[in-house]
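Q:
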Amino acid sequence: MKYTTVARLGRSVIVSLMALGCYVAAPQASPVAVVNAGFEDTSGQSVFNEFTLGQPAGWNFHNPTGLIGSLGTFTGTLQPNGSDFFNTTAPEGSKVSILFNSERQGEGEYGYVQTLAATLQADTTYALTVQVGNIASGTAQNGAFFDLDGFPGYRVDLLAGNTVIAQDLNTLAMAEGEFALSTVSISIGAVHAQLGQALGIRLVNLNVIPDGYTQATSPDLEVDFDDVSLSATTVPEPATGLSLGLGGGVGLLIQCLAKRRRLRRLTAAAGAERH
Ligand SMILES: [Ca+2]
Ligand SMILES: [Ca+2]
28 MKYTTVARLG RSVIVSLMAL GCYVAAPQAS PVAVVNAGFE DTSGQSVFNE FTLGQPAGWN
88 FHNPTGLIGS LGTFTGTLQP NGSDFFNTTA PEGSKVSILF NSERQGEGEY GYVQTLAATL
148 QADTTYALTV QVGNIASGTA QNGAFFDLDG FPGYRVDLLA GNTVIAQDLN TLAMAEGEFA
208 LSTVSISIGA VHAQLGQALG IRLVNLNVIP DGYTQATSPD LEVDFDDVSL SATTVPEPAT
268 GLSLGLGGGV GLLIQCLAKR RRLRRLTAAA GAERH
């Protein structure tokens, strides 16, 4: 059968389904709550020039090699002014999170992790987006110069329980002073080993020394994150969705017609009983 014929038939089936009142709405993406998703809540942190230093509210540390807490490693936020460090202001709100170190370059990854209230659901597509920034060298408000040449790499993990179910492993390449949007998505079917386990988001500075440097000569290494967003879209059951193929659409049309015939028979029977 030619494609155009199939397409025409497909349209006819959909139009017929709608005319018969069998229309099924397209699935809608629902936001999944993330605490302090834009790092604007700096409560508990100390102010240092255009930075705040400490642990962002709602986020725990991912600290497998103990970098966080050691000399020269700083977490918290930066308020980019659009000229120093970044070519723009923050992608969301006025602040971005920082993962900075100047002493332990190349000694393992570190970052932030948040366990969400939501749990992994069957028949659902998840989409996680995060702005990732490659901070440029610059001078802070107190006149201190920071050499931030190069980029140490990043990773964004979507977790269920302790298991990574999807990730972006450093696929973006940002110029100095630029942000780019990382997207991680996964469709969960009827069966998955982590169903019901708490979802989580992990944002990582890979802390890899840029080419051409050693630890002794390495610039300070920093990755910035902002505007974390997770959505969940329920995937329709195969028998009821409009995303099914032509054969499935015809099947649904037949089901719908049969249902209408049954209703008509019941209505006629009820009418006959009343007379
Ligand atoms: Ca922000
Ligand atoms: Ca840089």
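If you count by the working numbering, then the sequence shown holds residues 28 to 302, one letter each, in order.
From the three backbone atoms N, C-alpha and C, an ideal C-beta is built for every residue, glycine too.
If Val231 sits next to Ser209, beta carbons under 8 Å apart, how far is it from one beta carbon to the other, in whole angstroms?
A: Residue 231 sits at position 204 when you count from the first residue of the sequence shown. Residue 209 sits at position 182 when you count from the first residue of the sequence shown. Incorrect: roughly 11 Å between the Cβ atoms, too far for contact.
Q: Select from Val235, Ala225, Thr166 the residue whose C-alpha is nearest the C-alpha of Ala60.
A: Here residue 60 refers to the residue found at position 33 of the sequence shown. With distances taken between Cα atoms, Ala60 lies closest to Ala225.
Q: Ile228 to Gly239, Cα distance in whole Å?
A: By one-based count along the sequence shown, residue 228 stands at place 201. By one-based count along the sequence shown, residue 239 stands at place 212. Ile228 and Gly239 have their alpha carbons spaced roughly 32 Å apart.
Q: Threshold first: 3 residues or longer. Then list the beta strand (DSSP E) segments lying entirely within the stretch 58-118, N to C.
A: 73-75, 78-80, 87-89, 100-105
Q: Restricting to Cα atoms, I'd like to know which of Leu222, Glu249, Val235 is closest to Ala149.
A: Translated into the one-based positions of the sequence shown, residue 149 becomes position 122. Measuring from the Cα of Ala149, the nearest candidate turns out to be Leu222.
Q: Quick one: using the 10 Å Cβ neighbour count with 16 as the cut-off for buried, is Pro107 buried or exposed?
A: As a position in the sequence shown, residue 107 is number 80, starting the count at 1. The residue in question, Pro107, is buried, as its Cβ has 16 or more Cβ neighbours within 10 Å.
Q: Between Gln194 and Tyr139, what straight-line distance do the alpha-carbon atoms span, to the nearest angstrom?
A: Locating residue 194 in the sequence shown gives position 167, counting from the first residue. Locating residue 139 in the sequence shown gives position 112, counting from the first residue. Approximately 15 Å, taken between the alpha carbons.
Q: Determine, using beta-carbon pairs with one atom in the stretch 71-78 and one in the stretch 201-218, whether at least three such pairs fall under 8 Å.
A: no
Q: Using 8 Å for Cβ pairs, my map puts Leu155 next to Asn197. What's the rounded Cβ distance?
A: Counted from its first residue, the sequence shown places residue 155 at position 128. Counted from its first residue, the sequence shown places residue 197 at position 170. No, Leu155 and Asn197 are not in contact; Cβ-Cβ is about 15 Å, not under 8 Å.
Q: Note down, in chain order, each residue of its chain lying with its Cβ closer than 8 Å to the Cβ of Pro91, except the 5 sequence neighbours on either side.
A: Locating residue 91 in the sequence shown gives position 64, where the first residue counts as 1. Excluding residues within five positions, the ones whose Cβ falls inside 8 Å are Gly135, Glu136, Tyr137.
Q: Please report the straight-line C-alpha distance between Asp111 and Thr142, rounded to a whole angstrom.
A: For the purposes of this step, residue 111 is identified with residue 84 of the sequence shown, where counting begins at 1. For the purposes of this step, residue 142 is identified with residue 115 of the sequence shown, where counting begins at 1. Their backbone Cα atoms lie some 33 Å apart in a straight line.
Q: Quick check on the burial criterion: 16 or more other C-beta atoms within 10 angstroms. Buried or exposed for Glu130?
A: Taking the first residue of the sequence shown as position 1, residue 130 is located at position 103. Flag for Glu130 reads exposed.
Q: Quick one: Cα of Glu119 to Cα of Ala53, how far?
A: Working through the sequence shown from its first residue, we reach residue 119 at position 92. Working through the sequence shown from its first residue, we reach residue 53 at position 26. Rounded to the nearest angstrom, the two C-alpha atoms are 29 Å apart.
Q: Within 10 Å of its beta-carbon, does Gly65 have 16 or more other beta-carbons around it, so buried, or fewer, so exposed?
A: Your numbering for residue 65 matches position 38 in the sequence shown. Buried, because 16 or more other Cβ atoms sit within 10 Å of the Cβ of Gly65.
Q: Could you compute how far the alpha carbon of Ile236 sits from the alpha carbon of Gln55?
A: Working through the sequence shown from its first residue, we reach residue 236 at position 209. Working through the sequence shown from its first residue, we reach residue 55 at position 28. Going from the Cα of Ile236 to the Cα of Gln55 covers about 42 Å.
Q: If you measure from the CB of Leu161, is any heavy atom of ligand 2 nearer than 6 Å?
A: For the purposes of this step, residue 161 is identified with residue 134 of the sequence shown, where counting begins at 1. Reading off the sequence shown, one finds Asn at residue 161, where the question assumed Leu. Yes, the beta carbon of Asn161 sits closer than 6 Å to at least one heavy atom of ligand 2.
Q: Cutting at 6 Å between CB atoms, please list the residues of its own chain near Gly272, excluding the five before and the five after it.
A: Translated into the one-based positions of the sequence shown, residue 272 becomes position 245. Any reading at Gly272 must be qualified, since the residue scores a pLDDT of 48, below 50, and its modelled position is unreliable; no value is offered.
Q: Excluding sequence positions up to five away, which residues of its chain have a Cβ less than 6 Å from the Cβ of Asp251?
A: For the purposes of this step, residue 251 is identified with residue 224 of the sequence shown, where counting begins at 1. So the qualifying residues of the chain are Val123, Ile125, Gly160, Ile162.
Q: Could you name the residues that DSSP lists as bridge partners for Asn232?
A: The count along the sequence shown starts at 1 and reaches residue 232 at position 205. DSSP, once it has assigned bridges, lists Tyr137, Tyr181 as partnering Asn232.
Q: What number of angstroms, rounded off, separates the C-alpha of Gln308 from the C-alpha of Ser121?
A: Because the chain in this structure spans residues 28 to 302, residue 308 falls outside the shown range and cannot be described.
Q: Excluding the 5 residues preceding and the 5 following Thr100 in the sequence, name in chain order all residues of the same chain whose CB lies nearer than 6 Å to its CB.
A: Locating residue 100 in the sequence shown gives position 73, where the first residue counts as 1. Once the five neighbours on either side are set aside, the close Cβ partners of Thr100 are Leu94, Asn128.
Q: Strictly by DSSP, which residues pair up with Val211?
A: In the sequence shown, counting from the first residue as 1, residue 211 sits at position 184. Leu155.
Q: Quick check on this structure: which residue in Pro179, Ser258, Gly96 has the alpha carbon closest to the alpha carbon of Leu248?
A: Taking the sequence shown and counting its residues from 1, the one referred to as residue 248 is at position 221. With respect to the C-alpha of Leu248, the residue from Pro179, Ser258, Gly96 having the closest C-alpha is Pro179.
Q: Which word fits Ser245, buried or exposed, when buried means at least 16 other C-beta atoms lie within 10 angstroms of its C-beta?
A: The residue you call residue 245 lines up with position 218 of the sequence shown. Buried.
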